[in-house]
Each structure stands twice: as C-alpha cells, then as structure tokens.
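Peer 1: Right, I'll just put the structure down here and ask away after.
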Amino acid sequence: MFRWVYIAVSVVLVFSAILVAGCGGGSGIDVGGSTTVQPLAEKWASAYQEADVTVSGGGSSAGVKGVAESIFDIGAISRDLKSDETDKWPELVPYGVAYDGVAIVVHPSNPINNLSLEEVRDIFASGSSSTWTVVSREEGSGTRETFENKVMGEEEISASAEFLPSNGSIKQKVATTSNAIGYLSLGYVDDDVKAVAVDGVACSTDTVRGGSYPIARTLYFVTKGEAEGDILDFINFCLSTEGQQIVEGQGYISIR
Amino acid sequence: MKSRYLADHAAKRLVFMLGLSAFLILVLIAIFIFREGFPAFQELGLSLFGTKWYPSRDAFGIATMIVGSVVVTMLALAMAVPLALGCAIFLAEVAPPRVREFARPAVELLVGIPSVVYGLVGLVVLLPMIADISGRGSGSSVLAASIVLAIMVLPTVTSISEDSIRAVPPQYREAALAMGATRWQTIRCVLLPAARSGIIAAIILGTGRAIGETMAMVMVIGNSPIFPDSIFSPARTLTGNIAVEISHATGTHASALFATGAVLFVMVMIINGIGLIAYRRMAR
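Just so you know, the sequences run in chain order S and Y.
Take 1 as the starting number for the first sequence in the working numbering and just add one per residue.
Take 1001 as the starting number for the second sequence in the working numbering and just add one per residue.
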C-alpha cells in the first residue's frame, strides 16, 4: 500500500520540478512574435552569453499583444506598429534591429525578369487564371501586411489566390508550379525560385538598405517602456557589429 | 463482507465520475467555442454567412468555406464508400483466411498514419499529376483534397463495415446458401441488409472524420475562399480557415474564427443526428 503512495508522491515531485525548471525563474529574456524575425532572434539568442534568451513565434500581432501584456520581455514584429496598437498601448517602444525586403518570386523557368509595381498589383488583384497561379500569405502575416501596404494600396488580393501559412510553403509552391507568382521574405530567397526586379530594381541587400527597392520593411524589437538592464544589453548586442553580422548571415539586411 | 461492499460502491462511483467527466469535457468545450464566437455572431449577424472573407477589410463571410467543406466531404465519401464496402465484403466473406490475416491489420494500420503524412503525399505526388491533367496552376484543388480525404476515411469505413458484416449470425448465411442462393446473392440480399445499421454507422463516422480533417486539407486544397466552380478549382474548408489564420488573429477576426468552429460543431452535430436517426430506423 505504502509503495503506491511513494510512487504517487515521487511522480508529483518530479513533475513540479520540471514545471519549476521550465518557468526558469526571472533571469531569462523572453522574445516572441513574428515568424520572420524568429530564425534571426534564435541565432542572436544562441550567440548571446550574458543571459538566457528564449524565442517563440506566433506572429507580429501576437508579439505586440504579448509584450504589452508582459508575457514577453521583447515582442518581435516584422511591420510598423499600427495606430490602433500605439493608441491602446502608448508605452510600447520599437527598436529597429534589421531590414528585410519582400521579394516578388516566380518559377525559375519563367522568362519574366522585371515587373512594375502596377503589374504586380494587377496580377494579385485579378487572382489565379490560366496565365498565373497567384500565391499569397494568410491574413495577419507581417510579410503580407508589408506587401499590401507597399503594393496593393486600396486594392485587395483576389480570393482566387492560393493562401499558404508560411514563407516555407510559399517557396515550395512557387518552386514546383511553373506559372506561380508569390512574395517571400528576402531571407528565404534562393535558387529554387526567381526573384524578379520591381520597377527595374532587383531585390538585394544593397537596394533594400539604400531605399531604392520599393517593398521593404524594418524588423523591430518592441519593449514595454524604454528598454533597460538585461533587455537593453541584449538589444545592444543585436545592434552591435557581431549582432549585425548574424543578420547578414541569415539573409536579412543589417541596419547600419 | 462490508469492505467488499464498500469497494464495489467506490468503484461504481469512480466509474460514474469518469463517465461524467468525458461528457463534461465535451460540454465545456462547446460552451467555450460558442462563448468565444459569440461576439462575432453579435457584431456581424447574418453577414457572417456572406460570401467574402477578407478580415483586414472587415469582411467575415464563411459561406464559401461551408460549401467547400460540404463539397469536399461528399466527393470523398462518394469515392471512399464503394471502395470501402467492396473491401469490407472481400475481407469478411471472400478472402481466404491467410489473406485476411494479413490484410485486416494492414487496413487498420492506415488509421494510425498521421494526417500530415497523407497531406505530404498528396502535395508531392497528387498535385503535380492533377496540375498536368487540368492544365491549371499548381494542382491544389477540390479533387486533390477529396482524394486525400477518401484515402483517409477508407480504413475507418472498411473496418467498421467489415465488423458488422461478420457480426451477422451465421444461420442467415447458411439458410440463404441452403435455399440455393449464390454467394453474391447471399451477400447482396441477406448479409448487406442485415449489416446495414453497422454500415450506416461506419459511413457517419467516416463523414465526421472527413469534415473535421484539417492539416492534410490545408496542404492540398489551396485555401482560396471562393466557391469552387469545378473539381479542379481550389477552395477553403472551415477547418482550414481556422488553422491557417488563428495564430495571427485578434479581436473580431479571432472571434469570427471561433464562430467558424461553432458552425462546424453544429454541422457535425446535425450529421451525427441524421446518422443516429438513420441507424435507429435501419436497426428496427
């Protein structure tokens, strides 16, 4: 009889030990939000020695909400703060940590090398047809918001487009469909897809940093109030030469 | 004597509590879904059943997805049920014991394969084939989705139908054969009618699995919130709508996604209700 009590007690103890360890006390830094920033933040976290940094995804909106509600110490977002967000949480402070371009990508066999912004807008507004298979990110994605702001304006992305929930699945779809067109964070572009020039400007590190490529965005870390202590140290590390080398290594664009 | 009575009593209580908790979990989930979805019902009213879905421009119509879910499920059943019935008859009546010993566990093993795996096979194998045949885009389509679904519900429908055919008392079979009926006549006129309530239950369970399937659908259907105009057209299912967008959604958008779940919940209850009525009618 007592044996069972022993087993039960030890199981409870082990589980609570795991729980306590999982919560990690108060010393670590929690970063969460945009899946575009996530791989970059993970690299920073593993290179940073001074504190334990935990990184999770969830999307830009979840990042803003999370930091405002003190679930995260730092919210990662891949778009500008929206006006309704700054109205609701005026204490939020954004720190630009990297640039990213949104590349317009087609199948490598597609002969097209250049499209104007208007042509891209018309293609996405009219949707899939025998000429194009239009592939877009889902509602709420930071990449899509940047694309809509910089390209679509008042126009809407046609409902006949295919909607896929990650940069990876967009790339896979465009790489395997001969008449596909989609948009991708520059960090994901490689030889499987072809990035076309927009208004004659190729999407590259230099054109995004120089401001000539039209579909670009800043990636931010957002804190609740001015960053201080451990959190400020971590952000400074990300902005340091070493931190910005990691940005370039991940295919994003350094902010300096 | 007294302690045995107590133990019996305690066990009865325990089992009652466990049974009740399963029911309570269901009720709590239902309450949660409807509570989270309620603001959307309140705010959007009937426009929730409109045809346009564009949350960032305040359009939250899920009519296209209701149609998408229903069409894909019906097509999948149209493909899966005849196949599954044939397979069940073969396994229960025709197959030699050695084949059956091998084939039965194989069919049941299909149930255990995770749905992403079916989705992945559909994505890599099926979509390019359909793209070639239709000459239309990437192959993401209602057809691809329903083929994948048909394969997924096949084992469920097969194994339950087979069980119910085998559960027909042997006297029926013997009597039919003794009266000079051929094997096929016996199956068609005696065994299938006798097993029909089990077969109906199998189809209902298959429908439930089909309409609730998510991951594989997201991968092969294209998730376009439009009414499909042919089997080669992409579409979006209710489940896919939730899965694709919930991670970013806040406010009305999130609530509209829960409302999508509530609509799905009601649809599944209606299907199960129809199934239950059919089952009782048939069982008489």
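Heads up, the beta-carbon is just placed ideally off N, CA and C, and yes, glycines get one too.
Quantities reported herein were computed from a predicted structural model and do not represent experimental measurements.
(1) Using three-state DSSP, classify tyrosine 183(S) as helix, strand or coil.
(2) Quick test of the definition: if touching needs 3 or more C-beta pairs under 8 Å, does the region 180-188 of chain S touch the region 101-109 of chain S?
(3) Helix, strand or coil for asparagine 167(S) per DSSP?
(4) Closest to tyrosine 220(S) by CA distance: which of Val189(S), Ile253(S) and Tyr213(S) is it?
(5) Does proline 1169(Y) get closer than 7 Å to chain S when you measure Cβ to Cβ?
(6) In the DSSP output, what is leucine 219(S) paired with across the bridge?
(7) Using a Cβ-Cβ cut-off of 6 Å (strictly less than) and excluding sequence neighbours within five positions of leucine 1238(Y), which residues of its own chain qualify?
(8) Name the chain Y residues whose beta carbon is nearer than 9 Å to that of proline 214(S)?
(9) With 16 other CB atoms within 10 Å as the buried threshold, where does glycine 22(S) fall?
(10) Compare the C-beta of alanine 159(S) against all C-beta atoms of chain Y and say whether one is closer than 7 Å.
(11) Tell me where the alpha helix (DSSP H) around isoleucine 74(S) begins and ends.
(12) Rounded to whole angstroms, what's the CA-CA distance from alanine 1144(Y) to valine 64(S)? Just pull it up for me.
(13) Helix, strand or coil: how does DSSP classify isoleucine 1147(Y) here?
(14) Around the C-beta of lysine 173(S), are 16 or more other C-beta atoms found within 10 angstroms, so that it is buried, or is it exposed?
(15) Work out the CA separation of asparagine 179(S) and threonine 131(S) for me, nearest whole Å.
(16) Output yes or no for whether 7 Å exceeds the beta carbon distance between glycine 142(S) and serine 78(S).
(17) Using a C-beta to C-beta distance shorter than 7 Å, which residues of chain Y count as neighbours of phenylalanine 163(S)?
(18) So, do the region 205-213 of chain S and the region 157-170 of chain S have three or more beta carbon pairs nearer to each other than 8 Å?
(19) Can you tell me which of the three DSSP states leucine 115(S) falls into?
(20) Short of 7 Å in beta carbon distance, which residues of its chain neighbour leucine 1177(Y), apart from the five on each side in sequence? Order them along the chain.
(21) For valine 1157(Y), count neighbouring Cβ atoms within 10 angstroms of its own Cβ and tell me buried if that reaches 16, exposed if not.
(22) Can you give the Cα-Cα distance for isoleucine 255(S) and leucine 239(S), rounded to whole angstroms?
(23) When you compare only the Cα positions, how much space is there between isoleucine 1270(Y) and serine 1140(Y)?
(24) Looking at chain A, is there any beta carbon in it that lies within less than 7 Å of the beta carbon of threonine 1250(Y)?
(25) Identify each residue in the region 32-57 of chain S for which the Cβ-Cβ distance to at least one residue of chain Y is less than 7 Å, and report them in chain order.
(26) Using a C-beta to C-beta distance shorter than 8 Å, which residues of chain Y count as neighbours of serine 83(S)?
(27) Taking the straight line between their C-alpha atoms, what separation do you get for threonine 1207(Y) and threonine 223(S)?
(28) Should valine 97(S) be labelled buried (16 or more other beta-carbon atoms within 10 Å of its own) or exposed?
(29) Does DSSP put isoleucine 1113(Y) in a helix, a strand or coil?
(30) Going by the DSSP bridge assignment, what does lysine 194(S) pair with across the sheet?
(31) Closer than 6 Å: is that where the CB of serine 1230(Y) sits relative to any heavy atom of the ligand MN?
(32) With contact counted as at least three CB pairs below 8 Å, one residue from each stretch, are the region 1161-1174 of chain Y and the region 1190-1201 of chain Y in contact?
(33) Does the beta-carbon of methionine 1129(Y) have 16 or more other beta-carbons within 10 angstroms, so that it is buried, or is it exposed?
(34) Buried or exposed: leucine 1044(Y), going by 16 or more other Cβ atoms within 10 Å of its Cβ?
(35) With a threshold of 8 Å on Cβ separation, who are the neighbours of glycine 198(S) within its own chain once the five nearest residues in sequence on each side are excluded?
(36) Of the choices Thr1182(Y), Val1124(Y), Gly1112(Y) and Ala1216(Y), whose alpha-carbon is the least far from that of threonine 177(S)?
Peer 2: So, from the listed chains and residues:
(1) Locating residue 183(S) in the first sequence gives position 183, counting from the first residue. Of the three classes helix, strand and coil, the one that applies to tyrosine 183(S) here is strand, per DSSP.
(2) Taking 8 Å as the limit for Cβ pairs, the verdict is that the region 101-109 of chain S does touch the region 180-188 of chain S.
(3) The count along the first sequence starts at 1 and reaches residue 167(S) at position 167. The answer is helix: DSSP assigns asparagine 167(S) an H, G or I state.
(4) Translated into the one-based positions of the first sequence, residue 220(S) becomes position 220. Looking at Val189(S), Ile253(S) and Tyr213(S), the one whose alpha-carbon comes closest to that of tyrosine 220(S) is Ile253(S).
(5) The count along the second sequence starts at 1 and reaches residue 1169(Y) at position 169. Proline 1169(Y) does not count as touching chain S.
(6) Locating residue 219(S) in the first sequence gives position 219, where the first residue counts as 1. Paired residue(s): Ala98(S).
(7) Your numbering for residue 1238(Y) matches position 238 in the second sequence. Hits under 6 Å: Met1065, Ser1069, Thr1260 and Leu1264.
(8) If you number the first sequence from 1, residue 214(S) lands on position 214. Neighbourhood of proline 214(S) in chain Y, by CB distance below 9 Å: empty, with the nearest CB roughly 20 Å away.
(9) What you label residue 22(S) is simply residue 22 of the first sequence in a count that begins at 1. At glycine 22(S), the pLDDT of 47 sits below 50, so the modelled position is not reliable and the matter cannot be decided from this model.
(10) Taking the first residue of the first sequence as position 1, residue 159(S) is located at position 159. Yes, its Cβ sits closer than 7 Å to a Cβ of chain Y.
(11) Here the question's residue 74(S) lines up with position 74 in the first sequence. It is not in any alpha helix (DSSP H) - isoleucine 74(S) instead sits in the beta strand (DSSP E) that spans 74-77.
(12) Walking along the second sequence from the start, residue 1144(Y) turns up at place 144. Walking along the first sequence from the start, residue 64(S) turns up at place 64. Taken atom to atom, the span from the alpha-carbon of alanine 1144(Y) to that of valine 64(S) is near 38 Å.
(13) As a working mapping, residue 1147(Y) is identified with position 147 in the second sequence. DSSP places isoleucine 1147(Y) in helix when its eight states are reduced to three.
(14) Taking the first residue of the first sequence as 1, we reach residue 173(S) at position 173. Buried: at least 16 other Cβ atoms inside 10 Å.
(15) Against the first sequence, residue 131(S) aligns to sequence position 131. Against the first sequence, residue 179(S) aligns to sequence position 179. Each residue's Cα considered, the two are about 7 Å apart.
(16) Against the first sequence, residue 142(S) aligns to sequence position 142. Against the first sequence, residue 78(S) aligns to sequence position 78. Cβ distance < 7 Å, so glycine 142(S) and serine 78(S) count as in contact.
(17) Counted from its first residue, the first sequence places residue 163(S) at position 163. What phenylalanine 163(S) touches in chain Y: Asn1223, Ser1224 and Val1244.
(18) Contact fails: fewer than three Cβ-Cβ distances are below 8 Å.
(19) Indexing the first sequence from 1 puts residue 115(S) at position 115. Correct three-state label for leucine 115(S): strand.
(20) Position 177 of the second sequence, counted from the start, is the residue given in the question as residue 1177(Y). Around leucine 1177(Y): Thr1186.
(21) Mapped onto the second sequence, residue 1157(Y) falls at position 157. Counting C-beta atoms within 10 angstroms of its own C-beta, valine 1157(Y) has 16 or more neighbours from the protein chains shown and is therefore classed as buried.
(22) The residue given as residue 255(S) occupies position 255 in the first sequence. The residue given as residue 239(S) occupies position 239 in the first sequence. Between isoleucine 255(S) and leucine 239(S), the C-alpha separation is close to 8 Å.
(23) In the second sequence, counting from the first residue as 1, residue 1270(Y) sits at position 270. In the second sequence, counting from the first residue as 1, residue 1140(Y) sits at position 140. The straight-line gap from Cα to Cα measures roughly 29 Å.
(24) Looking at the structure shown, chain A is missing, and the protein chains on hand are S and Y.
(25) Residues of the region 32-57 of chain S with a C-beta atom less than 7 Å from some C-beta of chain Y do not occur.
(26) On the first sequence, position 83 is the one that residue 83(S) refers to. Simply none; closest approach about 14 Å.
(27) On the second sequence, residue 1207(Y) is found 207 positions in, with the first residue counted as 1. On the first sequence, residue 223(S) is found 223 positions in, with the first residue counted as 1. If I take the Cα positions, the gap works out to 48 Å.
(28) Residue numbering aside, residue 97(S) sits at position 97 when the first sequence is read from its first letter. Buried: at least 16 other Cβ atoms inside 10 Å.
(29) In the second sequence, residue 1113(Y) corresponds to position 113, counting from 1. Under the three-state reduction of DSSP, isoleucine 1113(Y) is assigned to coil, being neither helix nor strand.
(30) In the first sequence, residue 194(S) corresponds to position 194, counting from 1. For lysine 194(S), the pairing in a beta bridge is given by DSSP as Val106(S).
(31) With respect to the ligand MN, the structure shown offers nothing to examine, as it has no ligands at all.
(32) Segments in contact, yes.
(33) The residue given as residue 1129(Y) occupies position 129 in the second sequence. Exposed, because fewer than 16 other Cβ atoms sit within 10 Å of the Cβ of methionine 1129(Y).
(34) The sequence position of residue 1044(Y) within the second sequence is 44, counting from 1. Burial of leucine 1044(Y) is indicated by the presence of at least 16 other C-beta atoms within 10 angstroms of its C-beta.
(35) Taking the first sequence and counting its residues from 1, the one referred to as residue 198(S) is at position 198. The identity of residue 198(S) in the sequence shown is valine, whereas the question assumes glycine. Around valine 198(S): Ile104, Asn114, Leu115, Ser116, Leu117, Val120, Tyr213, Pro214 and Ile215.
(36) Mapped onto the first sequence, residue 177(S) falls at position 177. Closest option to threonine 177(S), Cα to Cα, is Val1124(Y).
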